[in-house]
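Visitor:
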Amino acid sequence: MIRDQIKSAIDQALAHQADDLHLNSPEIEIQGLLNVERPRHGTFGDYAINVSPLAKYARKAPPQIASQIMDQLGNHFWETSVAGGFINLQISPELLTKSLIGIAKTEKPGQNQVYSSLHCLLEFVSANPTGPLHIGHGRWVALGDSLGRLMRHCGAAVTNEFYINDAGSQMRSIANSIWYRALEILGTGGKLPEPQEGQPYPFYPGEYVIEMAQEFLTEHKDQVLAWDNPEHVAPEAALTELMSYSKTSMLAKQKALMERCRLTFDVWFSEQTLHQAGQVKQVIQTLQERGFTYEKDGALWFASSRLGDDQDRVLIKSDGSYTYLTADIAYHENKFQRDNGFYNLMINIWGADHHGYIPRMKAAVAALGYNPDYLEILLGQLVNLIIDGEKTRMGKRKKMMTLEDLVDEVGVDAVRFWMVSKSQDTTLDFNVELAASASDENPVFYVQYAHARCASILRNAFQPRLDTLTQETKPPLLQEPEWQDFLAQLSPESMADLLDGIENEPAKQALRELILKLDGFQDKVLDAVRQRSPHTIARYSQDVAADFHRFYNVCRILVSDPAVAKKRLVVIYALKKVLAQALELLGVSAPEQM
RNA sequence: GCCUCAGUAGCUCAGUUGGAUAGAGCAACCGCCUUCUAAGCGGUAGGUCAUAGGUUCGAAUCCUAUCUGGGGUACCA
121 MIRDQIKSAI DQALAHQADD LHLNSPEIEI QGLLNVERPR HGTFGDYAIN
171 VSPLAKYARK APPQIASQIM DQLGNHFWET SVAGGFINLQ ISPELLTKSL
221 IGIAKTEKPG QNQVYSSLHC LLEFVSANPT GPLHIGHGRW VALGDSLGRL
271 MRHCGAAVTN EFYINDAGSQ MRSIANSIWY RALEILGTGG KLPEPQEGQP
321 YPFYPGEYVI EMAQEFLTEH KDQVLAWDNP EHVAPEAALT ELMSYSKTSM
371 LAKQKALMER CRLTFDVWFS EQTLHQAGQV KQVIQTLQER GFTYEKDGAL
421 WFASSRLGDD QDRVLIKSDG SYTYLTADIA YHENKFQRDN GFYNLMINIW
471 GADHHGYIPR MKAAVAALGY NPDYLEILLG QLVNLIIDGE KTRMGKRKKM
521 MTLEDLVDEV GVDAVRFWMV SKSQDTTLDF NVELAASASD ENPVFYVQYA
571 HARCASILRN AFQPRLDTLT QETKPPLLQE PEWQDFLAQL SPESMADLLD
621 GIENEPAKQA LRELILKLDG FQDKVLDAVR QRSPHTIARY SQDVAADFHR
671 FYNVCRILVS DPAVAKKRLV VIYALKKVLA QALELLGVSA PEQM
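With this note's numbering applied, the first sequence corresponds to residues 121 to 714, in that order.
#1: For Arg259, tell me which candidate among Asp533, Asn296 and Arg433 has the shortest Cα-Cα distance.
#2: Just curious, the alpha helix (DSSP H) that Phe565 is in, first and last residue?
#3: Ignore the nearest five residues each way along the sequence and tell me which others in Thr384's own chain have a CB closer than 7 Å to its CB.
#4: Quick check on this structure: which residue in Ile150, Met121 and Ile692 has the alpha carbon closest to the alpha carbon of Gln716?
#5: Excluding the 5 residues flanking Ala262 on each side, which residues of the same chain have their C-beta closer than 6 Å to its C-beta?
#6: Buried or exposed, going by whether 16 or more other CB atoms sit within 10 Å of the CB of Lys516?
#7: Assign Glu243 to one of two classes, buried (16 or more other C-beta atoms within 10 Å of its C-beta) or exposed (fewer than that).
#8: What are the residues that DSSP puts in a beta bridge with Ala135?
#9: Which residues does DSSP list as the beta-bridge partners of Cys274?
#10: Is Ala710 helix, strand or coil when you go by DSSP?
#11: For Tyr660, count neighbouring C-beta atoms within 10 Å of its own C-beta (all shown protein chains included) and say buried if the count is 16 or more, exposed if not.
#12: Going by other Cβ atoms of all chains shown within 10 Å of its Cβ, with 16 needed for buried, is Arg688 buried or exposed?
#13: Do Leu495 and Glu453 have their C-beta atoms within less than 7 Å of each other?
#14: Tell me which residue opens and which closes the alpha helix (DSSP H) that Lys416 is part of.
#15: Ordered along the chain, which non-local residues of its own chain (more than five positions away) have a Cβ less than 8 Å from that of Pro355?
#16: Under a Cβ-count criterion, where at least 16 other Cβ atoms within 10 Å of its own Cβ denotes burial, should Lys518 be classed as buried or exposed?
#17: Buried or exposed for Thr250, please, with buried defined as at least 16 other CB atoms from any protein chain shown within 10 angstroms of its CB.
#18: Tell me the DSSP secondary structure of Lys437 in three-state form.
#19: What residues match up with Arg585 in a beta bridge as DSSP calls it?
#20: What residue does the beta strand (DSSP E) around Asn468 start on, and which one ends it?
#21: Give the single residue among Ala129, Gln662 and Gln188 whose Cα lies nearest to the Cα of Leu733.
#22: What's the gap between the Cα of Leu695 and the Cα of Phe197?
#23: Using DSSP bridges, identify the partner residues of Ile255.
#24: Assuming Asn296 is part of the alpha helix (DSSP H), what are its boundary residues?
#25: Could you give the DSSP three-state label for Gln374: helix, strand or coil?
#26: Which whole-angstrom value is the C-beta distance of Ile122 and Ile189, which I expect to be below 8 Å?
#27: Less than 7 Å separating the beta-carbons of Leu435 and Phe422?
#28: For Pro612, collect the residues of the same chain with a Cβ closer than 8 Å to its Cβ; drop the 5 residues on either side in sequence, then sort them by chain order.
#29: For Lys225 and Leu610, which I take to be in contact (beta-carbon distance under 8 Å), what is that distance rounded to the nearest angstrom?
#30: Where does Thr522 sit, in a helix, a strand or coil, going by DSSP?
#31: Would you say the stretch 338 to 345 touches the stretch 312 to 319, given that touching needs at least three Cβ pairs under 8 Å?
#32: If Val718 sits next to Met521, beta carbons under 8 Å apart, how far is it from one beta carbon to the other, in whole angstroms?
#33: With DSSP run on the structure shown, which of helix, strand or coil describes Asn673?
#34: Who does Trp603 pair with in a DSSP beta bridge?
#35: In this structure, how does DSSP classify Ala648 when only helix, strand and coil are distinguished?
Have a look at this one:
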């Protein structure tokens, strides 16, 4: 990577001049003191170094420092110049070509081992098996899966995990709801109770529950009739049966949808198993032994405020049942203990509505004796649906648009790209009409089109050509074996004059920019992991596509001279790899044609 | 009240160890298809980076206060 080469050259130059620039005191870390960046305006060169941060040590004017350092940077890989406090570098065609060859020869561009010591348990989506996944879940699908893919690309071991909330009171609620819907269908007189003002409503009013009831009745009609009673209250046996049915049915649907979204969970972790294995009971005992619990008002409390939470939390309610938090603490202890403490980073992706939950979870981890810094909560802001130009709050509608509906309408690629193309720190407005109807307004097609164009060019090189003037069919520009040999023996010599052979100046500039952009891919991947921001990869893919389309318009690839065409084809070959890799990291398909 | 995310072009958003003239897409307007995919490209226009202070050689970026909007503030999950 070009930037790394410049960085080490700079560090060397600084070390060499440390005395003169007064950089030799021990508290100054020379490495990384200066930043190597791509200037916003191409007129300043390909890369730039701002030396102003040195001025306070060197006690010299920045332009003077710049020219002093520049003298040490002499190197046939780039030309240097000074403007104010900046050293500008113009990268040589040789180095650009070398970089391109490197990409063409790499199996997976951007792949590295920088995070090879990272063992990450990545938990996301984690919905209740009480209903379909909604559109907001789509954001966690896109964000979490892309982040996991990016981390693996940087050498980390990542486990994708889905926590199934199958043990709480919401399971009883869905069972009761299905029960009443079934009675409504059967017409026995039982019906779903109306909500009471100011009272919690322990039922699911959604229309999908009616479908679930219908489905349940096809197999269990006689049983439901047998269960029903004059009061129409569901007997315990019915609820047990319905909870089990709901879980099985919804989980199967969720799994199928995740698969459709190209997301694989390595572990589906059931909350119920924690209760069954006695781990919830056990974790309370551990907290008690460590002195973080006390009894008050008939409940058992966790003294989380001693560990940074703003108030204490209930572990066992006065009715004797556990809170959600209690099982969650047991779950997190399980994560820390899993595989003999294999994981050194737990990332949980949560919606912003769970923000207040972070301090108590961190407190719990600390109370159990683990390092709370190993638990990282990635908060994502929520998704607003825009329907008919109006913002619709999630959950306000009886008939909500589900994630599956959305995938049906716009396709997996558009959903995944759209959901991950904006920073998770901003509320996402999902305009359904726009995503569904105006496909050419969707940036995902722009990137995919660039990839398909590359594929098309690579196909055409080996196809017989039709001369439109004479109507003659000419032989293909290249033969496969010849091209394969050329690829296998790529070298600065065989690629010489790739850039200098282009006389048209805009085309040469466009190609330089394209190669520089491809060269920066690994940096982008590393940044995305470090900042937990897959959206930068979505943006990058659009940048690369734009650079390519620009280049394509000013420079023909398949020119009649096969020697020239081959070299340009290497650009397309490397570019296609990078585009495909970027799209794969986002979980978006890279079509061979469109 | 407190916690938290955001406020940048008409719209949707980029912009991270603070650096040169503020960046894209869409929408608008003007151009570009006899040759590799026009789902493309070029150009024009569009900005007091919410406001006010502060730190700094230098601030969209850091600090403080204020304003506006989202989310949270359960013995719900």
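Glycine is no exception: its CB is placed at the ideal position from the N, C-alpha and C atoms.
Quick caveat: nothing in here was measured; it's all calculated off a predicted structure.
Guide: Taking the geometry as given:
#1: By 1-based counting over the first sequence, the position of residue 259 is 139. Out of Asp533, Asn296 and Arg433, Asp533 has the C-alpha closest to the C-alpha of Arg259.
#2: Counting from one through the first sequence, the residue named residue 565 turns up at place 445. Start and end: Pro563 to Asn580.
#3: The sequence position of residue 384 within the first sequence is 264, counting from 1. These residues qualify, in order along the chain: Asn280.
#4: What the structure shows of the chain is the stretch from 121 to 714, and residue 716 is not part of that stretch, so it cannot be assessed.
#5: Indexing the first sequence from 1 puts residue 262 at position 142. Only Arg536, Met539 and Val540 meet the Cβ criterion.
#6: On the first sequence, residue 516 is found 396 positions in, with the first residue counted as 1. For Lys516, the predicted model reports a pLDDT of 40, less than 50, meaning its position is unreliable; a value from the coordinates is still stated below. The residue is exposed, with fewer than 16 neighbouring Cβ atoms inside 10 Å.
#7: Numbered from 1 along the first sequence, position 123 holds the residue referred to as residue 243. By the neighbour-count rule (16 or more Cβ atoms within 10 Å), Glu243 is buried.
#8: To locate residue 135, count along the first sequence from 1; it is residue 15. BP columns for Ala135 are empty, so no partner.
#9: Locating residue 274 in the first sequence gives position 154, where the first residue counts as 1. DSSP lists no partner for Cys274.
#10: Residue 710 sits at position 590 when you count from the first residue of the first sequence. In this structure, Ala710 counts as coil in the three-state DSSP scheme.
#11: Taking the first residue of the first sequence as 1, we reach residue 660 at position 540. With 16 or more other Cβ atoms within 10 Å, it is buried.
#12: By 1-based counting over the first sequence, the position of residue 688 is 568. Burial call: buried.
#13: Start at 1 with the first residue of the first sequence, and residue 495 comes out as number 375. Start at 1 with the first residue of the first sequence, and residue 453 comes out as number 333. Contact: no.
#14: Indexing the first sequence from 1 puts residue 416 at position 296. Segment Thr413 to Lys416 is the beta strand (DSSP E) holding Lys416; no alpha helix (DSSP H) there.
#15: Taking the first sequence and counting its residues from 1, one reaches residue 355 at position 235. Excluding residues within five positions, the ones whose Cβ falls inside 8 Å are Trp347 and Asn349.
#16: Within the first sequence, numbered from 1, the residue matching residue 518 stands at position 398. Caution is warranted here: a pLDDT of 47 is assigned to Lys518, below 50, making its placement in the model unreliable, and the coordinate value is therefore given only provisionally. Classification of Lys518: exposed, given that the 10 Å Cβ count is below 16.
#17: Position 130 of the first sequence holds residue 250. So Thr250 counts as buried.
#18: Position 317 of the first sequence, counted from the start, is the residue given in the question as residue 437. Correct three-state label for Lys437: coil.
#19: Reading the first sequence from its first residue, position 465 is the one you call residue 585. Paired residues: Lys594.
#20: The residue labelled residue 468 in the question sits at position 348 within the first sequence. Looking at the DSSP string, the run of the beta strand (DSSP E) that includes Asn468 is Leu465 to Gly471.
#21: Past the boundaries of the shown model lies residue 733; the chain is included only from 121 to 714, so the question cannot be answered.
#22: Stepping through the first sequence from its first residue, residue 695 is reached at position 575. Stepping through the first sequence from its first residue, residue 197 is reached at position 77. Near 22 Å, if we compare the C-alpha coordinates of Phe197 and Leu695.
#23: By one-based count along the first sequence, residue 255 stands at place 135. The partner list for Ile255 (beta bridge, DSSP) is empty, contrary to what the question assumes.
#24: Your numbering for residue 296 matches position 176 in the first sequence. Looking at the DSSP string, the run of the alpha helix (DSSP H) that includes Asn296 is Ser289 to Leu306.
#25: Sequence index remark: in the first sequence, residue 374 carries index 254 (1-based). Residue state, collapsed to three classes: helix.
#26: Working through the first sequence from its first residue, we reach residue 122 at position 2. Working through the first sequence from its first residue, we reach residue 189 at position 69. Actually they are not in contact, since the Cβ atoms of Ile122 and Ile189 sit about 18 Å apart, beyond 8 Å.
#27: For the purposes of this step, residue 435 is taken as residue 315 along the first sequence, with counting starting at 1. For the purposes of this step, residue 422 is taken as residue 302 along the first sequence, with counting starting at 1. Closer than 7 Å, so yes.
#28: By one-based count along the first sequence, residue 612 stands at place 492. Only Glu214, Thr217, Lys218 and Ile221 meet the Cβ criterion.
#29: Start at 1 with the first residue of the first sequence, and residue 225 comes out as number 105. Start at 1 with the first residue of the first sequence, and residue 610 comes out as number 490. 6 Å between Cβ atoms; contact.
#30: Position 402 of the first sequence, counted from the start, is the residue given in the question as residue 522. Three-state DSSP puts Thr522 in a strand.
#31: no
#32: With the chain running from 121 to 714 in the structure shown, residue 718 is simply not present.
#33: One-based indexing of the first sequence puts residue 673 at position 553. In the structure shown, Asn673 sits in a helix (DSSP, three-state: H, G or I).
#34: Working through the first sequence from its first residue, we reach residue 603 at position 483. None, per the DSSP bridge assignment.
#35: Mapped onto the first sequence, residue 648 falls at position 528. Helix.
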